[in-house]
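Read through the structure below, which is laid out as C-alpha cells, and then see the notes.
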Amino acid sequence: MKNLFTPDALAEVLSRIEKLQPSSQRKWGKMDVAQMLAHCTAALDVAIGRTFPPRMLIGRILGPLIKSNFYNEKPFNKNGPTDKNFVVADQRDFSTEKARLVQGIKQFSVGGPTACTTHPHSFFGELTPGQWSIGMYKHLDHHLRQFGV
1 MKNLFTPDAL AEVLSRIEKL QPSSQRKWGK MDVAQMLAHC TAALDVAIGR
51 TFPPRMLIGR ILGPLIKSNF YNEKPFNKNG PTDKNFVVAD QRDFSTEKAR
101 LVQGIKQFSV GGPTACTTHP HSFFGELTPG QWSIGMYKHL DHHLRQFGV
C-alpha cells in the first residue's frame with residue numbers, strides 16, 4: 001500500500017496537488033478546492049502532532065472495529081462523514097492553503113516514523129506510524145480524486 005514515507009508516493013501526491021487550480025471543481029461533497037486543501041492540512045496537523053482533537057465517543061465504540069479501513073487497500077468511500085474538528089466551512093485562499101498543505105506533507109514525510117504523533121486518532125484510536133502514513137496517503141488520494149487529479 002502506498003504511504004507518505006516513501007519518496008515515490010510523496011512525489012506523486014505533490015505532483016497531483018500542483019495540478020489543482022482555484023477553479024478546480026469537486027466531483028462530490030461540499031467543500032471547494034481551497035477548503036479541501038485546508039481540510040487535508042488539518043488532518044496532517046494531527047498526524048504530525050500539531051493538534052490533538054479529543055476522542056469521539058462513537059469512535060471509542062466503533063473505531064476498533066473498522067480501524068483497518070484507515071490503512072487497508074480499499075479507497076475511502078465518497079461522501080463519508082467528516083469529524084466536526086475537520087470541517088472547513090469558511091472561505092479560504094487557494095494559494096495559502098496549497099502552500100500550507102505542501103509544507104505539511106513534506107514535514108510529515110521527511111520526519112518519518114519518529115516525527116509521527118503518538119496521540120490517538122480521534123476516531124480510530126492508537127495507530128502506528130506506518131498506519132498513519134498509509135491513512136494520510138489514502139486521505140489525500142481521496143480528496144485529490146474528488147477534484148479530478
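Just so you know, full-length UniProt numbering puts 110 at position 110 of the sequence shown, and the rest follows in order with no gaps.
Just so it is clear, CB atoms sit at the ideal spot from N, CA and C, and this is done for glycine as well.
Is the CB-CB distance between A34 and F94 below 7 Å? yes
Mind checking whether the beta-carbon of M56 lies closer than 6 Å to any heavy atom of the ligand NAD? Absence of the ligand NAD from the depicted structure is noted, as is the absence of any ligand whatsoever, leaving it without description.
Alpha carbon to alpha carbon, how far is E18 from M36? Give it in angstroms, no decimals. 14 Å
So, with DSSP's three-state summary, where would you put G49? coil
The alpha helix (DSSP H) spanning A89 covers which residue range? A89 -> no alpha helix (DSSP H), and no H or E assigned at all.
For W132, I'd like the list of residues in its chain whose CB is within less than 6 Å of its CB, leaving aside the five on either flank, ordered along the chain. A47 and C116
If distances are taken between C-alpha atoms only, which option among M136, Q103 and G125 comes closest to I61? G125
Candidates K98, H139, D141 and I134: closest to L4 by CA position: I134
According to DSSP, residues forming a beta bridge with H121: G125
Quick check on DSSP: helix, strand or coil for D24? The displayed chain sequence assigns Ser, not Asp, to residue 24. Collapsing the DSSP output to three states places S24 in coil.
Look up P54 in the DSSP assignment and say whether it is helix, strand or coil. coil
Excluding sequence positions up to five away, which residues of its chain have a Cβ less than 6 Å from the Cβ of R100? T41
With a CB to CB cut of under 8 Å and the five nearest residues on each side skipped, what residues in its chain are close to H39? Taking C-beta separations shorter than 8 Å and ignoring five residues to either side along the sequence, the partners of H39 in its chain run M31, T82, F86, V87, V88 and H143, following chain order.
Would you check if the distance between the CB atom of S24 and the CB atom of F147 is smaller than 7 Å? Going by C-beta atoms, S24 is nearer than 7 Å to F147.
From T51 to Y137, what distance separates their C-alpha atoms? 19 Å
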